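> In terms of UniProt numbering, the sequence shown opens at residue 1 and continues consecutively. C-beta: ideal position from N, C-alpha, C; glycine also. Please read all numbers here as calculations on a predicted model, not as lab measurements. I'd like to ask you about the structure that follows.
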Amino acid sequence: MAKNLLIVESPAKAKTINKYLGKDFQVLASYGHVRDLVPKEGAVDPDNGFAMRYELIDKNQKHVDAIAKAAKAADAIYLATDPDREGEAISWHISEILKERGLLKDKALHRVVFTEITPRAIREAVQNPRHVAGDLVDAQQARRALDYLVGFNLSPVLWRKVQRGLSAGRVQSPALRMIVEREEEIEAFVAREYWSVEAELAHPQQGFTARLVKLDGQKFEQFTITDRESAEAARARLVAAAGSALRVTDVTSKERKRRPAPPFITSTLQQEAARKLGFTTSRTMRVAQKLYEGVAIGDEGAVGLISYMRTDSVNLSVDAVAEIRDVIARDFGTQAVPDKPNEYKSKSKNAQEAHEAIRPTSALRTPASVAKYLDDDGRRLYELIWKRTVASQMVPATLNTVSVELAAGSEHSFRASGTTVVDPGFLAVYEEGKDQKAAEDDDEGRKLPPMKPGQDVPLASIHTDQHFTEPPPRFSEASLVKALEEYGIGRPSTYASIIQVLQNREYVYLDNRRFRPSDVGRAVAKFLTGHFMQYVDYDFTAKLEDELDAVSRGEEAWVPLLEKFWQPFKTTVEEKSESVDRSEATGARLLGIDPKSGKPVSVRLGRYGPFAQIGTADDEDKPKFASLRPGTSMHTITLEEALPLFDLPRKLGELDGKQISVAIGRFGPFVKHGDLYASLGKEDDPYTITPERAAELVRAKQEMIANRTIKTFPGTDIQVLNGRYGPYITDGEKNGRIPKDRDPASLTQDECVALLAEGKPVRTGGRFGRKVAKKATKKASTAAADAPTPAKKATKTAKTTKAVKKTAKAPARKATRKSVTKVAKKAARTTPAATKKTTKKVAKRAGA
């Protein structure tokens, strides 16, 4: 039995480290976080010093039990979770669990930290343990409490005022605001026309172009010429003044140095991987995690190839720098090694969580030497990291810029520039993505022919070109991460999750690899900026991050920080819950008047998304409704675009004596034939689909239904059916799986009864509105009533649904969180175990 237990987060990491430490150590993984706040109101108690109630995460229960069992038998326990706040918190939670179980008595408990998984780093960490850092744990707990309080209190307001099921995050909301504000900038943008003027020179040695810099004795600027007539007139004056040649009036040559970029931190790695490899932030972190945890490299076995990938420090260890300089001298010559190592300063005020930049654990492992052991993603990302790190310790590149002024008479002049590389220096290894290059490098690689003042250069032509200003670009993943970093919103470990959450909630979506806000996302952003501006303010969010950093450094206490945040936030939530009108929160717009009925046409956000409406609820006739077409936004749609939406449902004639029509439902466009519904394909447009195509879809659906039944048993409700995911058994109440080695058509009634006994209850009300089950069993939980708060959503039994509905119908003033919580608590005492699990999921979403 091993004397020592070492606990890490990842099983892959555990496997690698286990080979390094030998038989005296047992290495186990926690599989990430082991505890989290209980998923219900009261998990953070502001009235009791923000006391936090934790519970074990269900999926990690078995891993915690394995750790506890091993800890009982071990002499010493080493907590080796990741070297950041989250890792520190996981170590603390594990120690608290072991303490509660009485497993730490007379045992040594150590916290060990390493930023690379190599034999040397692991041994050094074990030989130099420390205690769990309380300040880092406090900072993580404060962050978790803040996120919980914001989510659990703000999300219900969104449910009532915008749309059910929404949630708001403390850090994600400012990021959403950025994306929405950029979209509004684009929509409000008005393009301006401008013209450029260039001369084509026919130098005997090499032709080149020069741009106009002076016209009529004045500096030529972007909007000097703004129409075709002026451009043609200017061109005529220039041609007349120049004649057949332009005269060289000045030649300047300047040599300059360009320093290499610092080694990667989390944000710059994500940005460069997006620019150069086309990786999303989450993909980048997933691949980097594998490289960090260990890859089998020939006879060496599993070895970590890069240092820890969640960091905002640009430092490199002395040993790493020495090895990198040796590799540079070996592969690129001693002239490529600077006299002393290059040093870089981090922009982050708190770059201390992981004390090194992202680098190869050994620069001797070149990309070529490890390529065959890596998959394509791993190979490409490792090469990027290796090249950036090596380049960061090389000599600067030496560039020579030549600028030539050429006159056209006395009142006009052109300029040509070219930049050549005298000594590539670090550019022999690595160059940053193009959007990071300085503006003066636009002419890099362009070499001008030799010229001197007084020389006439033959003029081939002068041409003018029309341009229009462009709106600011939408955010890509790379530019969004850069903006978040510049504003100080979030931290290295959060950028990928911020983006993922916004996409998962369908607040934003990618269009040509650029973020666009959905109508729901815009409604959320509008509501938050209109009524909770302080909490989505960039400076406020960044200041809060700085204060959390101060907690991690031991400079500020976490409870006073939460107290300062909580009281104003609570007051605002209570006030806005009563005062805000839903229609004003959701961005409803009046588009104009319907020419046929004379009624107003509006667009608004409903329960299932944006829709257009003719008429109002006050009219004698019910209003008409129509869903918006895919890709259409309620914020930009016009009256002319909205009116054709009401052409649905379209009647397309008859088939087999029954009417065929096409319409759009909750889950998309469909063809209706009698009582049969068939979804349209992705290529089909409900507004233009032909009767022939509609009939084809109906026939396909009829054939599918005809082939659905494999076997029935007379006198019973048991059927063997073909389903979406293969054959299955059903009796209307339960579905049963069919063994893979059995032919579905050969099943007997007794076999079906036995398989159904092990099956799961049928869900009532499917995606397309079909009620599959004939009756609900007594033990099955009833459908939950729609509710504006997580507490109400949690109430899923028929016994408590009525009480919750009653609470929801009460005036806003009376439906306080306290009253809803009482109902939820009463419901919890009568809720089946399966329902409680669903309750946790709902509450967790609200507290995200």
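1. Could you tell me which of R247, A745 and Y78 sits nearest to E405, measuring between CA atoms?
2. Compute the minimum distance between the beta carbon of P492 and the heavy atoms of the ligand SAM, and state whether it is under 6 Å.
3. Need the endpoints of the alpha helix (DSSP H) that L591 sits in, please.
4. Are the beta-carbon atoms of I117 and G294 separated by less than 7 Å?
5. Measure from the alpha carbon of T389 to the alpha carbon of each residue in D331, V314, D339 and L6, then state which is nearest.
6. In angstroms, rounded to a whole number, what distance separates the CA positions of L6 and V524?
7. My output table needs one value for P649: the three-state DSSP class, helix, strand or coil.
8. Decide if the segment 404-421 is in contact with the segment 194-202; the criterion is three or more beta carbon pairs, one per stretch, under 8 Å apart.
9. According to DSSP, which residues form a beta bridge with Q218?
10. Beta carbon of A371, beta carbon of R365: below 7 Å?
11. By a C-beta neighbour count over all protein chains shown, 10 Å radius and 16 as the cutoff for buried, is N735 buried or exposed?
12. According to DSSP, is N722 helix, strand or coil?
13. Do P471 and F189 have their C-beta atoms within less than 7 Å of each other?
14. One question on the structure: do E575 and S267 come within less than 7 Å of each other, judged by their Cβ atoms?
15. Based on the DSSP secondary-structure assignment, which residues constitute the bridge partners of T730?
16. Kindly indicate the opening and closing residues of the alpha helix (DSSP H) around T266.
17. Classify A408 as helix, strand or coil using the three-state DSSP reduction.
18. Just curious, the beta strand (DSSP E) that I710 is in, first and last residue?
19. Helix, strand or coil for A785 per DSSP?
20. Please report how far the alpha carbon of A108 lies from the alpha carbon of I77, in whole angstroms.
21. Thinking C-beta only, is V112 closer than 7 Å to A125?
22. Terminal residues of the continuous alpha helix (DSSP H) containing D741?
23. If you reduce the DSSP assignment to three classes, tell me which class Q141 lands in.
24. How many angstroms separate the CA atom of V38 from the CA atom of E55?
25. Please report the distance separating the alpha-carbon of residue 849 from that of E758.
26. Roughly how far, in whole angstroms, is the beta-carbon of L384 from the beta-carbon of K276, given that I think they are within contact range, below 8 Å?
27. Would you check if there are 3 or more beta carbon pairs closer than 8 Å linking the segment 147-164 to the segment 594-610?
28. Within its chain, find whatever has a CB closer than 8 Å to the CB of V551; leave out the 5 residues flanking it on each side and keep chain order.
29. Whose CA, out of V157, A73, F152 and V64, lies closest to the CA of S579?
30. Could you pull out every residue in the same chain whose Cβ sits closer than 8 Å to the Cβ of A133, ignoring the five residues on either side in sequence?
31. Taking P492 and R310 to be in contact with their CB atoms under 8 Å, please state how far apart those CB atoms are, rounded to whole angstroms.
32. DSSP state of H110, grouped into three classes?
33. Please list, in chain order, all residues of the same chain as K93 whose beta carbon is under 8 Å from its beta carbon, the five residues on each side excluded.
34. Rank V481, S627, D675 and P204 by C-alpha distance to the C-alpha of residue 865 and give the top, closest one.
35. Using a Cβ-Cβ cut-off of 7 Å (strictly less than) and excluding sequence neighbours within five positions of I179, which residues of its own chain qualify?
36. Note down the Cα distance separating D339 from P367, rounded to an integer number of angstroms.
The answer reads as follows:
1. For the residues R247, A745 and Y78, the minimum Cα distance to E405 belongs to R247.
2. Among the components modelled here there is no ligand, and therefore nothing to report on the ligand SAM.
3. No alpha helix (DSSP H) contains L591, which is instead part of the beta strand (DSSP E) from R589 to I593.
4. Yes, the pair counts as a contact, with Cβ atoms nearer than the cut-off.
5. It is V314 whose Cα lies nearest to the Cα of T389.
6. Between L6 and V524, the C-alpha separation is close to 45 Å.
7. Three-state DSSP puts P649 in coil, outside helix and strand.
8. Per the Cβ contact rule, the segment 404-421 is in contact with the segment 194-202 (3 or more Cβ pairs under 8 Å).
9. DSSP output for Q218 lists L215 as bridge partner(s).
10. Cβ atoms of A371 and R365: not closer than 7 Å.
11. N735 should be labelled buried.
12. Three-state DSSP puts N722 in a strand.
13. Yes. Within cutoff.
14. In this structure, S267 does not lie closer than 7 Å to E575 by Cβ.
15. Bridge partners of T730: Q719 and N735.
16. First-last of the alpha helix (DSSP H) with T266: T266 to E272.
17. In the displayed model, A408 falls within a strand according to three-state DSSP.
18. Note, I710: beta strand (DSSP E), T709 to T712.
19. Any answer about A785 is weak, because its pLDDT of 29 lies below 50 and its placement is not dependable; what the coordinates show is given next. DSSP places A785 outside both helix and strand once states are collapsed to three, so it counts as coil.
20. In a straight line, the C-alpha of A108 is about 6 Å away from that of I77.
21. Yes. Within cutoff.
22. Per DSSP, D741 belongs to no alpha helix (DSSP H) and is neither H nor E.
23. Q141: helix per DSSP, three-state reduction.
24. Each residue's alpha carbon lies about 6 Å from the other.
25. The displayed coordinates of the chain run from 1 to 848. Any statement about residue 849 would go beyond what the structure contains.
26. For a cut-off of 8 Å, the C-beta gap from L384 to K276 is around 7 Å, short enough to register as a contact.
27. Yes: the two stretches touch, three or more of their Cβ pairs being nearer than 8 Å.
28. Once the five neighbours on either side are set aside, the close Cβ partners of V551 are D135, D138, A139, A142, A557, W558 and L561.
29. Minimum Cα distance to S579 is reached at V157.
30. Excluding five sequence positions before and after A133, the CB atoms of its chain that fall closer than 8 Å to its own CB belong to E88 and R111, given in chain order.
31. About 5 Å separates the CB atoms of P492 and R310; that is less than 8 Å, so the two are in contact.
32. Looking at H110 - three-state DSSP - the assignment turns out to be strand.
33. Per the sequence shown, residue 93 should be read as His rather than Lys. Excluding positions up to five away in sequence, the list reads H33, V34, R35 and Y54.
34. Beyond the ends of the chain as shown, which are 1 and 848, falls residue 865; an answer cannot be given.
35. F475, V508, F515 and P517, listed in sequence order.
36. If I take the Cα positions, the gap works out to 26 Å.
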